[in-house]
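Engineer: Sharing a structure with you now.
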Amino acid sequence: MTDAVLATQNITKSFGSLIACDDVSIEVKPEEIHAIIGPNGAGKSTLISQICGTQKPDNGCVKLLGQDITFKSAKDRALSGIGRTFQISQLAMEDTVLQNVMIGSLGKTGNPWKFIKPVLKINELREEAEFALERVGLTNDLHSKAGILSHGQKRQLEVAIALTLKPKIFIMDEPMAGLGIEGSKELMLLLDNLRYEAPILLVEHDMDAVFSLANIISVLDYGRVIASDSVEGIKKNPIVQRAYLGEET
Amino acid sequence: MEAYWPLWVALMIGERNINLLTLSLFVLIPAWAYLADEPFTITLMTRAVIFALAAVGLNLILGIGGFVSFGHAAFFGLGGYVMGILAWHAQGYSPLLEWPFVIEGTKSMPVIWLVSIMVSAIFALIIGAVSLKTSGVYFIMITLAFAQMMYYFSISWSAYGGEDGMSIYVRNNFPGLNTLDPIQFYSLCFVLLLISLWFVSRLIKSPFGLALNAARQSPQRVQAVGLDLHKLQLFAFVVSGAITGLAGALFADLNRFVSPNMFGWQLSGEFIVFIIIGGVGRLFGPVIGALLFVGLEHFLGELSDFWHIYLGIILLLIVLFSKSGVIGLIAKKEVHSD
């Protein structure tokens, strides 16, 4: 219990009569990729929001390295070590790719209270950003605007920004969506190694990716965790098959 | 537009050259006016420079920060009243404050500027702390409300002229210059505009500028990397208010007159119009906008009493045909510089 990097304990969140998150307790342990799967509307995004601090749970708590962060703001959680990527890309579309990544390094290691020196000339921030872009394989267009990138490239950029935060845990909301076969393979390789830097809570629709990467899979349905098991266990689980993977399998 | 109008494209020049061209106008027109002995033109250009300075301040929070302040006349008026009050006490030989310690008025421009900047910054801190909690229409209304509060306060402040305002008989002093000479006062204002443009141009590219820019485009992202959204925007608002406050002090000195109208919402609106004409978020947008506005006000004003109608039509055309003002119309697509 104590060795979990991130834990949610019995968190519940409802919007009016709709219970989006019902008594959810999950744990992410070191060097682990914990995948969350579930049909649309199962409460995956609400769960992520509560972990990252953009929504507060009605009940229950969120713990990072044993410390209660339930009432911390999104900004403070980022500083404590939560590095997230967004399902819908949250980028400064008018800024360049490099500038977008530098915003990440600025928040964690840099100082935004400098007013005269151009940010692109601060070498340590820039090198950090360029290294992160190299790791996600987005090196050819450092100076094009984020807005003109393809959907897949925006996903890669999201991951690059999270890398610069050097978080204690990565929270990734559908990083593979729209990546294409080649891109997905590259990113899977990256995530596969990344788990040894910090564990990953991965929300993903791409089942091949989930089955090949995850150590643990939790299945959400109507806001509840209906199963939480290894890949093999989930594949065999009759409840999961009925609710999600389809009856015929 | 480029596809249908090759001639237009041929005429387009880089944004950097537009900026240089604008600056050269600000040098050449007054130089010509000086040689031709046309002091009125110099005064007109001084007006344009001061308005440009005010709008450069506003552009920081409006263009880069993304908050449309409809109350920047509050800072313009504050700067004006700081100048007015200090100079009024100095010319009347009555101390500003007698207890617990004596503060005398002053006719020294550097001191007046410094006090204007500080007072505007303090008020911007208070106004910003309240209004930046909101956004969109609510932000517009709250900033307007603050400015109107100060407008009505100044009307009822009979110690300093109330509705009639205050006249300052002689322009304030700057060491080594004869500020009553129009071209010398113009140069002083122009140098201040250049300094503030330099500062803002550095600010935009600095770490702070990067964060502020990102905060406008994606607040969620900025929070997710651990940056304090509210603090970033508040600081931008304070700097913005301080620059506009300095412009207010200069404007009062230009007219040697301060009145509650300097707090008026019409002025707040005009500052926004300068930025929209020139180009929102562009460094020289407010400068080009202020120059065009003052020029149009002068030339159209000669043609007709109803010059606002023509100004309105021109404004409408600019907004309809360009996403970012005059600069957007004539600037080539920017090539990224590194």
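Order-wise, the sequence lines are chains A and B.
For what it's worth, the working numbering labels the leading residue of the first sequence as 5, then goes sequentially.
For what it's worth, the working numbering labels the leading residue of the second sequence as 254, then goes sequentially.
Glycine residues also receive a C-beta, built at the ideal position from the N, C-alpha and C atoms.
Source: prediction; values computed, not measured.
Near GLY42 of chain A, what residues of its chain come up, given a Cβ to Cβ distance below 8 Å and the 5 sequence neighbours on each side ignored?
Structural biologist: Result list for GLY42 of chain A: LYS48, VAL223, LEU224, ASP225 and TYR248, in chain order.
Engineer: Using the C-alpha atoms, what's the distance from LEU545 of chain B back to GLY578 of chain B?
Structural biologist: Roughly 12 Å separates the two Cα atoms.
Engineer: Verify the CB distance criterion: does ILE107 of chain A have a CB-CB separation below 9 Å to chain B?
Structural biologist: Judged by the 9 Å Cβ criterion, ILE107 of chain A is in contact with chain B.
Engineer: Can the beta-carbon of LEU331 of chain B be found closer than 9 Å to that of SER361 of chain B?
Structural biologist: Taking 9 Å as the Cβ cut-off, LEU331 of chain B and SER361 of chain B do not qualify as a contacting pair.
Engineer: Assign ARG509 of chain B to one of three DSSP states: helix, strand, or coil.
Structural biologist: In this structure, ARG509 of chain B counts as coil in the three-state DSSP scheme.
Engineer: Quick test of the definition: if touching needs 3 or more C-beta pairs under 8 Å, does the region 195 to 205 of chain A touch the region 142 to 152 of chain A?
Structural biologist: As far as the Cβ criterion goes, the region 195 to 205 of chain A does not touch the region 142 to 152 of chain A, which means the pair count is below three.
Engineer: Work out the CA separation of ARG81 of chain A and PRO460 of chain B for me, nearest whole Å.
Structural biologist: If you take the alpha carbons of PRO460 of chain B and ARG81 of chain A, they lie about 21 Å apart.
Engineer: According to DSSP, which residues form a beta bridge with GLN71 of chain A?
Structural biologist: Partner(s): A:LEU68.
Engineer: Using a beta-carbon distance below 9 Å, is PHE399 of chain B in contact with chain A?
Structural biologist: PHE399 of chain B does not count as touching chain A.
Engineer: To the nearest angstrom, how far is the alpha carbon of HIS551 of chain B from that of HIS325 of chain B?
Structural biologist: HIS551 of chain B and HIS325 of chain B: Cα-Cα distance of roughly 23 Å.
Engineer: Is any beta-carbon of chain A found at less than 9 Å from that of PHE438 of chain B?
Structural biologist: No, PHE438 of chain B does not count as interfacial toward chain A.
Engineer: Assuming SER93 of chain A and ARG159 of chain A form a contact by the criterion Cβ under 8 Å, report the distance between their Cβ atoms to the nearest whole angstrom.
Structural biologist: That pair is a contact at about 7 Å.
Engineer: Please give the ranges of any beta strand (DSSP E) in the region 278 to 350 of chain B, keeping only runs that are unbroken, at least 3 residues long and fully inside the region.
Structural biologist: With a minimum length of 3 residues, no continuous beta strand (DSSP E) run stays inside the region 278 to 350 of chain B.
Engineer: Counting only Cβ pairs nearer than 9 Å, list the residues of chain B close to ARG159 of chain A.
Structural biologist: Within chain B, no residue comes near ARG159 of chain A; the closest Cβ sits about 14 Å away, beyond 9 Å.
Engineer: Go ahead and pull the three-state DSSP assignment for GLU255 of chain B.
Structural biologist: The predicted position of GLU255 of chain B is uncertain, since its pLDDT is 46 and thus under 50; no value can be drawn from it.
Engineer: Using a Cβ-Cβ distance cut-off of 9 Å, determine whether PRO179 of chain A contacts chain B.
Structural biologist: Taking Cβ atoms only, chain B never reaches closer than 9 Å to PRO179 of chain A, which makes this a no.
Engineer: Going by C-alpha distance, which of A:VAL229, A:LEU195, A:PRO242 and A:ILE126 is nearest ASN219 of chain A?
Structural biologist: Residue A:LEU195 is the option with its Cα nearest to ASN219 of chain A.
Engineer: Taking the beta carbon of GLN103 of chain A as the centre, do at least 16 other beta carbons fall within 10 Å, making it buried, or is it exposed?
Structural biologist: By the neighbour-count rule (16 or more Cβ atoms within 10 Å), GLN103 of chain A is buried.
Engineer: Please list, in chain order, the chain A residues whose beta carbon lies closer than 9 Å to that of GLN473 of chain B.
Structural biologist: In chain order: THR58, ALA78, PHE90 and GLN94.
Engineer: Thinking C-alpha only, which one of B:MET371, B:GLU523 and B:VAL453 is nearest LYS118 of chain A?
Structural biologist: Of the candidates B:MET371, B:GLU523 and B:VAL453, the one whose C-alpha sits nearest the C-alpha of LYS118 of chain A is B:VAL453.
Engineer: So, for LEU69 of chain A: in the same chain, excluding its five sequence neighbours on each side, which residues have a beta-carbon less than 7 Å away from its beta-carbon?
Structural biologist: Same-chain partners within the cutoff: VAL9 and LYS172.
Engineer: Between the Cα of SER216 of chain A and the Cα atoms of A:GLY64, A:SER234 and A:VAL229, which residue gives the shortest distance?
Structural biologist: It is A:SER234.
Engineer: What does SER222 of chain A pair with, by DSSP beta-bridge criteria?
Structural biologist: SER222 of chain A pairs with A:ILE40 and A:SER232.
Engineer: Taking C-beta pairs closer than 9 Å, name the residues in chain B that ALA82 of chain A reaches, listed in chain order.
Structural biologist: In chain order: GLN476, ALA477, VAL478, GLY479 and LEU480.
Engineer: Under the rule that 16 or more other beta-carbon atoms within 10 Å means buried, what is ALA289 of chain B, buried or exposed?
Structural biologist: ALA289 of chain B should be labelled exposed.
Engineer: Tell me which residues of the region 112 to 128 of chain A have at least one Cβ-Cβ distance to chain B shorter than 8 Å, keeping chain order.
Structural biologist: Taking 8 Å as the Cβ-Cβ cut-off against chain B, the residues of the region 112 to 128 of chain A that qualify are LYS112, GLY114, ASN115, PRO116, TRP117, LYS118, PHE119, ILE120, LYS121, PRO122, VAL123, LEU124 and ILE126.
Engineer: Give, in chain order, every residue of the region 448 to 467 of chain B whose Cβ lies closer than 7 Å to some Cβ of chain A.
Structural biologist: Within the region 448 to 467 of chain B, the qualifying residues are ARG455, LEU456, LYS458, SER459, PRO460, PHE461, LEU463, ALA464, ASN466 and ALA467.
Engineer: By Cβ distance, which residues of its chain are closer than 6 Å to VAL140 of chain A, with the 5 residues on each side in sequence left out?
Structural biologist: So the list reads GLN160, VAL163 and ALA164, once near-sequence residues are dropped.
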